[in-house]
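Residue numbers (this note's numbering): 1 to 401. Using N, Cα and C, we set each Cβ at its ideal position, and we do this for glycine too. Beneath this line is the structure, given in structure tokens, with notes to follow.
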């Protein structure tokens, strides 16, 4: 008999592959396809089978362009992985990310290194934390930040003026400018890059954090394991975010030692004062108002602000270098702006409504968005209809980057 005694174990690998394994895989694929609620959503074939497709798109460095081409090919809704849909219509953008949206952040946010406002999934807690951040970005805050911005721009001009006799890479200087403004704006520490004309080592730490966060974002479970790898190099790579956080923690403690929060209105001051008010009322202190929580929030702000502002400036100058006609038009417009000091850095009010400058900036934002990936949201129980497409519960959705 075929399945008795030694005969069962004597089945050849060829027989197993042809009559057992292959039919099983075919039936399993057919079952998954028939029961797949997203099978009608267009997209690349491999994207319907595995997340490996979108991971490879990320690794290529051209994810945004690849997804954009998919929308041109398939339309406003594209399936980019077995459980992820990407939308491209303005209707979907408003539906997914509007205020009080019913779509919570996807579980992948919990794998992010620093537990701040950005990766808080609880919507009530998120709104509370966001209200605390809003004053840092309102017109009054921008007005208070303007002297810092103008001073750092003047420092940048001095650094560049000394290097005009030869060619040099402007990228690290633009990133240093963004770090100086963000650092001084949030924690009162510019990290002295432009003042000393030396690229801060903190920028190297940020460069090491970015690939680490990508691994955490794409492989959250594997990342937990890799943190305890027997290989020191892997452990050091996976802990790059914590090393960067130490810089921010040191700056925070220095702020508390040298400044009185009661006399300031910046983010640290507001969080510390709110914590003291809760203590006086004998109310519990939420985690995001503890020292560790404040450090996490500041780390998020400095990392995200430095990276996004720096990238935008780099793309802006890159585009101007490749479009000299627009560079000439922008120079012509800026020559008409008067300045009130010897450093030729105009006030914001003098350039706020310049049409060419605004057009160049808006086009840079459009063509080169600073975000490196889609902001994933989770469809709630009961599902949802987005831009005319029904999406089952538990599916991750985002608007194209």
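Counting C-beta atoms within 10 angstroms of its own C-beta, residue 174 has 16 or more neighbours from the protein chains shown and is therefore classed as buried. Take the alpha-carbon of residue 345 and the one of residue 161: they are about 14 Å apart.
The distance from the Cβ of residue 98 to that of residue 377 is about 11 Å, inconsistent with a contact at the 8 Å cut-off. Remark: C-beta atoms of residue 193 and residue 145 do not approach each other more closely than 8 Å. Around the C-beta of residue 301, 16 or more other C-beta atoms lie within 10 Å, and the residue is accordingly described as buried. Counting the other Cβ atoms within 10 Å of the Cβ of residue 285 gives fewer than 16, which makes it exposed. According to DSSP, residue 154 shares a beta bridge with no other residue. For the region 74–154, the continuous alpha helix (DSSP H) assignments of 4+ residues that do not extend past its boundaries occur at 90–97, 123–133, in sequence order. If you check the CB distance, residue 42 and residue 75 come in under 8 Å.
DSSP lists 391 as the bridge partner or partners of residue 384. Scanning 251, 84, 348 for the CA closest to the CA of residue 139 turns up 348.
Under the DSSP assignment, residue 397 falls in the beta strand (DSSP E) whose first and last residues are 396–399.
If you compare the alpha carbons of 197, 22, 124 with that of residue 155, the shortest gap goes to 197.
In this structure, 80 is the residue among 80, 400, 253, 88 with its C-alpha nearest to the C-alpha of residue 56. Under the three-state reduction of DSSP, residue 334 is assigned to helix. The residue among 176, 187, 311, 382 with its C-alpha nearest the C-alpha of residue 247 is 187. Taking the Cα positions, residue 311 is about 58 Å away from residue 12.
Residue 375 holds the alpha-carbon nearest to the alpha-carbon of residue 119 among 369, 375, 199.
The Cβ atoms of residue 237 and residue 206 do not sit closer than 8 Å to each other. Comparing alpha carbon positions, the residue from 103, 296, 399 closest to residue 115 is 296. Counting the other CB atoms within 10 Å of its CB gives residue 169 a total below 16, which places it among the exposed residues.
Counted as a single uninterrupted DSSP element, the alpha helix (DSSP H) harbouring residue 280 occupies residues 267–280.
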